[in-house]
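Novice: Residue numbers (UniProt numbering): 1 to 72. Built from N, CA and C at the ideal position, the CB exists for glycine as well.
(1) Can you tell me which of the three DSSP states residue 39 falls into?
(2) With C-beta atoms as the reference, is residue 42 less than 7 Å away from residue 15?
(3) Quick one: give me the first and last residue of the beta strand (DSSP E) that residue 63 is part of.
(4) Answer with buried or exposed for residue 47, where buried requires no fewer than 16 other C-beta atoms within 10 angstroms of its C-beta.
(5) Would you tell me roughly how many angstroms separate the C-alpha atoms of residue 66 and residue 33, rounded to the nearest one?
See below:
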């Protein structure tokens with residue numbers, strides 16, 4: 001999500017679940033980067049843009065993690 005405004009804006013990313021993911025706290029900035037994800041990081045993440053004028057804009061993104069396991 002990009003925020004274009006003449007006013008100073010803020011972008012916050014967070015995970016939308018009742019449980020927390022170790023190492024991921026709400027982050028400010030235009031991107032969220034996660035390396036070496038596993039199935040536990042799957043879920044809905046939200047980006048919120050707010051420039052203090054009018055209403056905040058929200059966009060949800062669903063992260064799906066496909067795992068391939070070796071045959072047993």
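Specialist: Considering the structure as presented:
(1) For this step, residue 39 is matched to residue 39 along the chain shown. If DSSP states are grouped into helix, strand and coil, residue 39 belongs with the helices.
(2) Position 42 of the chain shown holds residue 42. Position 15 of the chain shown holds residue 15. In this structure, residue 15 does not lie closer than 7 Å to residue 42 by Cβ.
(3) Position 63 of the chain shown holds residue 63. It spans 57-63 - the beta strand (DSSP E) in which residue 63 sits, taken as one unbroken run.
(4) Residue mapping note: residue 47 aligns to position 47 of the chain shown, counting from 1. By the neighbour-count rule (16 or more Cβ atoms within 10 Å), residue 47 is buried.
(5) The count along the chain shown starts at 1 and reaches residue 66 at position 66. The count along the chain shown starts at 1 and reaches residue 33 at position 33. Distance between the alpha carbons of residue 66 and residue 33 is about 18 Å.
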